[in-house]
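Structure record follows, encoded as structure tokens.
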Amino acid sequence: MNAQIKTLPTRPDRSGTRIALDLRTSEHSIDQTLMAIMQLGQSMIDGRLKNNLAAGVGQDALEAITRSISSAVTTRAELVAAHDLLKRTADEHSIRWTAEGPLEFKPQAETTQDAQAA
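In this text, residue positions in the sequence shown follow this note's numbering: the first is 980, and each later residue adds one.
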């Protein structure tokens, strides 16, 4: 048995599994959103250069896009924190929480909250 998978007495419904799958979908969605926003910024800069426009052209929009990246990264950090909190809750209440399907490697890294507390 994989050491990363916990076997707990499970509750009769599959809420934990559904929540785990929804969380995974949310985590992947925010990553896709970040990639799309970054691609937008790259396309804007590429378009400015290819059209030989001054550096100031589109600067306000580029700054707004940069702020949206920062907001999305903050949202991503909150999802990571929620993931840990949901796992703890599932463990405390013997709720089956593993998503069915391919497992992702999850390194033991400190969360944003752990880093802020230090």
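Cβ coordinates follow ideal geometry from the N, Cα and C atoms, glycine included.
All values derive from a computational prediction rather than experimental measurement.
- In this structure, DSSP gives Ser1050 a helical state, which the three-state scheme calls helix.
- Under the 8 Å Cβ criterion, the region 990-1009 counts as touching the region 1068-1076, having at least three qualifying pairs.
- Put simply, the region 1058-1066 does not touch the region 1013-1032. Fewer than three CB pairs are less than 8 Å apart.
- Given a length threshold of 4 residues, each whole run of the alpha helix (DSSP H) inside the region 983-1043 is given here in chain order: 994-1029.
- Of the other Cβ atoms in all chains shown, fewer than 16 fall within 10 Å of the Cβ of Ile1024; this residue is therefore exposed.
- A direct Cα-to-Cα measurement between Met1014 and Leu1064 gives close to 26 Å.
- The residue among Gly1026, Ile1048, Ala1043 and Asp1039 with its C-alpha nearest the C-alpha of Gln1011 is Ile1048.
- For His1072, the secondary structure class from DSSP, reduced to helix, strand or coil, is coil.
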